[in-house]
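Report on the structure given below.
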Amino acid sequence: MCTSYLIFLIEILHGEESLTSISGLLSQGTTFSFEFYPPRTEKGAKQLMTTMEHLLPYNPSFISITYGAGGSSREQTLEIVKELKYNTRSTILPHLTCIGHTRNEIEELVNQYVDIGITDILALHGDQPRNSAPLTEGDFKFATDLIEFLRINYDLSLGVAAHTEGHPAASSYSTDLEHQSSKIRTADFAITQFFFDVNHYILFREEMKKRKVFIPIIPGIIPVTNPAEIDRMIRLAGGTFPQKLWEEINNASDQESKQRIGINHSIQLVKQLLKAGAPGIHFYPMNRWQETEQLLQYLDFNSH
Numbered sequence: 190m191c192t193s194y195l196i197f198l199i200e201i202l203h204g205e206e207s208l209t210s211i212s213g214l215l216s217q218g219t220t221f222s223f224e225f226y227p228p229r230t231e232k233g234a235k236q237l238m239t240t241m242e243h244l245l246p247y248n249p250s251f252i253s254i255t256y257g258a259g260g261s262s263r264e265q266t267l268e269i270v271k272e273l274k275y276n277t278r279s280t281i282l283p284h285l286t287c288i289g290h291t292r293n294e295i296e297e298l299v300n301q302y303v304d305i306g307i308t309d310i311l312a313l314h315g316d317q318p319r320n321s322a323p324l325t326e327g328d329f330k331f332a333t334d335l336i337e338f339l340r341i342n343y344d345l346s347l348g349v350a351a352h353t354e355g356h357p358a359a360s361s362y363s364t365d366l367e368h369q370s371s372k373i374r375t376a377d378f379a380i381t382q383f384f385f386d387v388n389h390y391i392l393f394r395e396e397m398k399k400r401k402v403f404i405p406i407i408p409g410i411i412p413v414t415n416p417a418e419i420d421r422m423i424r425l426a427g428g429t430f431p432q433k434l435w436e437e438i439n440n441a442s443d444q445e446s447k448q449r450i451g452i453n454h455s456i457q458l459v460k461q462l463l464k465a466g467a468p469g470i471h472f473y474p475m476n477r478w479q480e481t482e483q484l485l486q487y488l489d490f491n492s493h
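Sequential numbering from 190 applies to the sequence shown in the working numbering.
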């Protein structure tokens, strides 16, 4: 990542660093947060700069940074985490995947995070890369193995991923609920993959409670503006898209109308989730700012 990118971050993000873990933030009230991913190109870096310039002044409770398959974005993730940690008031949540990694590799990276004051890790198994040779399992077969290692060796607040409609690789929804409940109960909080119907979240939360899982489950929301893009992501991550909404967007006469329909749906979804008692809202801006900022403004997430 270019030096000018880091200088830009320092210029726009200056603030007191947060010392509060996500567990602590959730105990204090409703959170809102963003996920960003390390850009792969100079164009992508510039886009992320602009997105951060628009969204970070809203002072999100925390910011998560993704981690490429098998550590493919390891250095970029670490670089962004450091800059955000030193120059924002938000808690920073690095993603950490264990697939293809040895214990020593995980330990080395986590030690670097701890040294700069990171209090939280999102512990994931990780996916196989799509355009290269498959990764070996490494020293951690499941995300729960990674969580156990982190619990024993570090004093961290640990999060995991949740799939409200079931993991795409699961043999059945009921089997997946058992697997997810076993994983989620080992963590301090969970963040869901995006979904588009509040009932998916409510049902999933109730299924977890039936299995004695009571940790905060933060719903993940992606602004709906491009059905084709959403469809590609659903095929990769699983889930469903409301047929009625799909038809309304595709039948709209112009792009502005399509965007308005999608944003209105996202606004209503966030309202429904908060009314249902969601502990926070985790936004997936896809490194873009326009749609998410519209949501923040309408929902009165005031910048300050």
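Beta carbons: idealized from backbone N, C-alpha and C, even for Gly.
Checking the sheet assignment: what are the DSSP bridge partners for residue 409?
383, 471
Same chain only: Cβ atoms within 7 Å of residue 291, ignoring 5 sequence neighbours per side
327, 328
Would residue 305 be called buried (16 or more neighbouring beta carbons within 10 Å of its own) or exposed?
exposed
8 Å contact criterion, which residue 256 and residue 266 should meet: CB distance rounded:
5 Å
When DSSP builds the beta bridges, which residues end up paired with residue 351?
381
To the nearest angstrom, how far is the alpha carbon of residue 357 from that of residue 422?
12 Å
Let's see if you can read the secondary structure: which residues bound the beta strand (DSSP E) around residue 283?
280–286
Can you name, in chain order, every residue of its own chain whose Cβ lies under 8 Å from the Cβ of residue 481, other than the five neighbours on each side?
223, 244, 412, 472, 474
Bridge partner(s) assigned by DSSP for residue 254:
225, 283
Inspect the beta-carbon positions of residue 448 and residue 414 and report whether they are closer than 8 Å.
yes
Take residue 478 and list the residues in its own chain whose beta-carbon comes closer than 7 Å to its own, dropping the five residues that flank it on each side.
239, 240, 243, 244
Sorted by chain position, which residues of the same chain lie with C-beta nearer than 7 Å to residue 375's C-beta, five sequence neighbours on each side aside?
333, 336
Given residue 270, which residues of its chain have a CB within under 8 Å of its CB, disregarding the five upstream and five downstream residues?
254, 281, 283, 302, 305, 307
Within the continuous alpha helix (DSSP H) that includes residue 341, where are the two ends?
332–342
For residue 309, which residues does DSSP report across the bridge?
346
Taking DSSP as the reference, what is the three-state secondary structure of residue 290?
strand
Taking DSSP's pairing of strands, which residues face residue 220 in a bridge?
469
Counting only the same chain and skipping the five closest in sequence on each side, list residues whose C-beta sits under 7 Å from that of residue 372.
332, 333, 349
Let me know if residue 465 comes out buried or exposed under the rule of 16 or more other beta-carbons within 10 Å of its beta-carbon.
exposed
Tell me the DSSP secondary structure of residue 233 in three-state form.
helix
Please state whether the Cβ-Cβ distance between residue 215 and residue 469 is less than 8 Å.
yes
What residue range does the alpha helix (DSSP H) around residue 247 cover?
Neither: residue 247 is in no alpha helix (DSSP H) and is coded neither H nor E.
Segments assigned beta strand (DSSP E), at least 3 residues, entirely inside the stretch 411–492
469–472
DSSP three-state label for residue 327, please.
strand
What residue from 263, 476, 431, 442 has the CA that sits closest to residue 458's CA?
431
According to DSSP, is residue 402 part of a helix, a strand, or is it coil?
coil
Could you give the distance in angstroms between the alpha-carbon of residue 400 and the alpha-carbon of residue 442?
47 Å
At what residues does the alpha helix (DSSP H) containing residue 371 begin and finish?
362–373
Using a threshold of 8 Å, state whether the C-beta atoms of residue 309 and residue 211 are closer than that.
yes
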